[in-house]
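Engineer: Below is the structure I would like to discuss, written out as C-alpha cells.
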Amino acid sequence: MAKVELTKHLFTFFPALAGRELVVSGSTVADVVRELDAIAPGFSFYVCDERGRLRMHVNIFIGDERVVDRQRLTDPVEPGATIHIMQALSGG
C-alpha cells in the first residue's frame with residue numbers, strides 16, 4: 215500500500231479525494247493512478263492524456279524522486295511509499 219498526497223487544487227475537481235487518508239495498492243505509478251480513478255472517476259484522465267501519458271502540467275514523485283517513465287507510468291512503487299501528485303498552475 216502506498217500513501218498518496220495531492221496538491222490542494224486537485225481536491226477542487228475531485229472532492230471525493232478530499233479529507234481522507236489516501237492509501238492505495240499498486241506496484242506501479244499507473245496502478246496507483248487507476249486506484250485513485252476508482253475512488254474519483256475522471257482522475258486518471260485529468261492527470262494523463264488519452265494515450266495514458268502523464269500530462270505536461272502534472273508531476274508525480276515517489277518519495278523525493280520524480281517519476282522517470284512519463285509515457286507508461288511503469289515506475290515501481292514499493293510498499294509504504296509516499297506518492298506526491300502535483301499539478302502546476304499558471305495564469306495571468
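215 is the number of the first residue of the sequence shown in our numbering; add one for each residue after it. Using N, Cα and C, we set each Cβ at its ideal position, and we do this for glycine too. For clarity, every value in this text was computed on a predicted model and none was experimentally measured.
What number of angstroms, rounded off, separates the C-alpha of L220 from the C-alpha of I274?
Structural biologist: Spanning the two alpha carbons is a distance of roughly 9 Å.
Engineer: In angstroms, rounded to a whole number, what distance separates the CA positions of V218 and E264?
Structural biologist: Distance between the alpha carbons of V218 and E264: 23 Å.
Engineer: Please classify V243: is it buried, with 16 or more other beta-carbons within 10 angstroms of its beta-carbon, or exposed?
Structural biologist: Looking at its Cβ environment, which holds 16 or more other Cβ atoms inside 10 Å, V243 is buried.
Engineer: Does the stretch 270-288 come into contact with the stretch 243-262, if we say contact requires no fewer than three beta-carbon pairs (one atom in each stretch) closer than 8 Å?
Structural biologist: They touch, by the three-pair rule.
Engineer: For P290, which beta-bridge partners are listed by DSSP?
Structural biologist: According to DSSP, which records beta bridges pairwise, P290 is partnered with T242.
Engineer: According to DSSP, simplified to helix, strand and coil, what is L303?
Structural biologist: If DSSP states are grouped into helix, strand and coil, L303 belongs with coil.
Engineer: Apart from the five residues on each side of it in sequence, which residues of its chain come closer than 6 Å, Cβ to Cβ, to S239?
Structural biologist: So the qualifying residues of the chain are M215.
Engineer: G256 and R178 - do their beta-carbons sit closer together than 8 Å?
Structural biologist: This structure leaves residue 178 out entirely; the chain is present only between 215 and 306.
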